[in-house]
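Written out below as structure tokens is the structure these notes cover.
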Amino acid sequence: MTFKSMCVVKQEQVEQEKSYSLAAFICGLFIWVPLFNVVLGPLALLFGIIGMRRIKQDPKRYGGAGYALTGIILGSIAVVFTLIWAYVSLFHPEILTGD
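Per the numbering used here, the sequence shown runs over residues 88 to 186.
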């Protein structure tokens with residue numbers, strides 16, 4: 088094995104898979120778009136949890152804990168606000184209409 092091939096092997100081992108963490112982060116960024124938050128909030132939460140579980144299982148292979156945590160936080164905020172909005176619109180519609 089030559090020195091150059093050893094460097095390539097070492098470089099490939101440094102690369103970490105961050106797909107679920109990045110998906111959680113991106114979904115979390117777009118929860119502020121009206122009507123997308125109903126879908127993207129739970130997806131951000133789900134992808135963030137999956138990403139954190141993978142990082143916990145094998146931290147050398149998986150990365151992006153900050154992205155996953157941000158997705159979990161933003162997804163949780165979106166889910167809470169969506170549930171509040173659904174409760175208010177179903178049981179107290181006068182608040183939304185101003186009557």
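We put the beta carbon where it would ideally sit given N, CA and C, even for glycine.
Query	Result
Opening and closing residue of the alpha helix (DSSP H) in which K143 lies	124 to 144
Anticipated Cβ contact below 8 Å, I164 with V175, distance rounded	At roughly 16 Å, the Cβ-Cβ gap does not stay under 8 Å, so I164 and V175 are not in contact.
Cβ-Cβ distance between G158 and A131 below 7 Å	yes
Backbone secondary structure at E102 - three-state DSSP	coil
7 Å CB neighbourhood of G128 in its chain, flanking five on each side removed	I118, G162, A165, V166, T169
G153 to A173 span [Cα, whole Å]	30 Å
Cβ neighbours of G41 in the same chain (closer than 7 Å, five flanking residues each side left out)	Here the chain has residues from 88 to 186 only, and residue 41 is not among them.
Closest Cα partner of Y107 within the set A155, H179, V126	A155
Terminal residues of the alpha helix (DSSP H) in which V167 lies	152 to 178
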